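With my numbering applied, the sequence shown covers 2 to 300. Reading through the structure tokens given below for one structure.
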Amino acid sequence: MPDFRLRVFQSVARHLSFTKAAQELYISQPAITKHIRELEHSYGQRLFERRGNRVSLTPAGTLLLTHADAVAQLHQELTEQLHNLHGEAAGRLRLGASTTLTQYVLPGILPGFQKRYPQVELTLLNGNSEQIAEAILSGQLDLGFVEGRAKNRDLHYEPLLADELVAVRRATSAGPPPEPMLLTEALTHPLVLRERGSGTLEVLEFALREQKVKLTDLQVAFYFDNTEAIKSYLEAAPEALGFVSRRALTRELAAGLLEIVPVQHLQLPRNFEALWVQGQPLSRPAERFLRYAQRQYNV
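If you want it as structure tokens, here you go:
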């Protein structure tokens, strides 16, 4: 098994951040620093340049990263081949998913997969759809899950689950309007939206474009990088309107904190999709996870 310190080094090198590496590996930041110092002492080389909060690889660090990635790949191939002798799925599976999927969709199926395939070591990276696509292309992930309309020709996409975005606001005593709100009226409200690069904003932007409305025409109160922040903002701002996944509203609707507002001529369906590098076969663990997820959602 490769030295765990190499995994620590790879994580810091990918993120160029000791803090993010600690979050990814679920260990403390002092532990990250300790492992890196041990590697530097072992090789007699500085691996990172540290200038204030900025971290960059030294030439020695760049060289070590190339070989550490090769070692990790060889170990993964060896693990898969050994377990393939018995038809098992095993090894490390690096998943990545956009925020809505990470928060509201995938966690519910992870325990079942882990029980069925205990030899697979799962990690899950959270980012927006654009970031997940980039991580797949750069080899940081084995399998990704995203939402949105845009497609990258270098990636292969497969459907996972249908979803819908809805307009939502703080719950009122009168309840949702009896008739769909006019789009022109809806767009007069301060809007709370997801950030650039998110599949959620992309779907909304496409739909508004069909109605001859540009994002630059909107009165945007705030852009957030996650749905939970949008919901909390809406609870504190009765005049605001947000657009989020219907799947993210179960608890708030049941508790009477938020309510869905139908908007005339604004339909926001979308699909959650799996993606990986075009023309590149999935590893056995990744293939097993994809098929397991599709069965859970009746794809």
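Ideal Cβ placement from N, Cα and C applies to all residues, glycine included. Values in this document were obtained by computation on a predicted structure and should not be read as measured data.
Cutoff 8 Å: S57 Cβ touching any chain C Cβ
Looking at the structure shown, chain C is missing, and only one protein chain is on hand.
Could you tell me whether the Cβ atoms of H266 and Q220 are closer together than 8 Å?
no
Threshold first: 3 residues or longer. Then list the beta strand (DSSP E) segments lying entirely within the region 249 to 280, N to C.
259 to 261, 270 to 278
Suppose the cutoff is 6 Å on Cβ atoms and the five residues either side in sequence are ignored; what does the same chain contact list for N227 look like?
T100
Is the region 261 to 279 in contact with the region 200 to 207, if contact means three or more CB pairs nearer than 8 Å?
yes
Is it buried or exposed, H190, if we count other Cβ atoms within 10 angstroms and call 16 or more buried?
buried
Best match in A71, G53, R47 for proximity to P60 [C-alpha to C-alpha]
R47
Is it buried or exposed for K116, if we count other Cβ within 10 angstroms and need 16 for buried?
exposed
What are the complete beta strand (DSSP E) segments, minimum 3 residues, inside the region 153 to 229?
156 to 171, 192 to 195, 221 to 225
Drop a sphere of 10 angstroms on the beta-carbon of K201, count the other beta-carbons inside from all chains shown, and report buried for 16 or more, exposed for fewer.
Correcting the residue type first, residue 201 is Thr in the shown sequence and not Lys. Buried, because 16 or more other Cβ atoms sit within 10 Å of the Cβ of T201.
Straight-line Cα distance separating S233 from I33:
33 Å
Within this structure, are the beta carbons of E148 and F5 separated by less than 8 Å?
no
Would you mind working out which of T173, L79, R15, Y105 sits nearest T67, comparing C-alpha positions?
R15
Separation of T251 from L123, as counted between CA atoms
27 Å
Beta-carbon separation of L242 and L144 under 8 Å?
no
Quick one: grab the DSSP three-state call for S319.
Given a span of 2 to 300 for the chain in the structure shown, any question on residue 319 remains unanswerable.
Spatial neighbours of N129 within its chain, please: CB distance less than 8 Å, with the 5 preceding and 5 following residues excluded, ordered by chain position.
S99, T100, R195, E196, G198, S199, G200, D226
Kindly provide the ranges of any beta strand (DSSP E) runs that are 3 or more residues long and lie completely inside the region 99 to 134, ordered along the chain.
121 to 128
When the Cα atoms are used, what is the spatial distance from S43 to T20?
23 Å
If you measure between the beta carbons of R248 and V167, is that distance less than 8 Å?
no
Based on DSSP bridge pairs, tell me the residues matched to G97.
L126, G145
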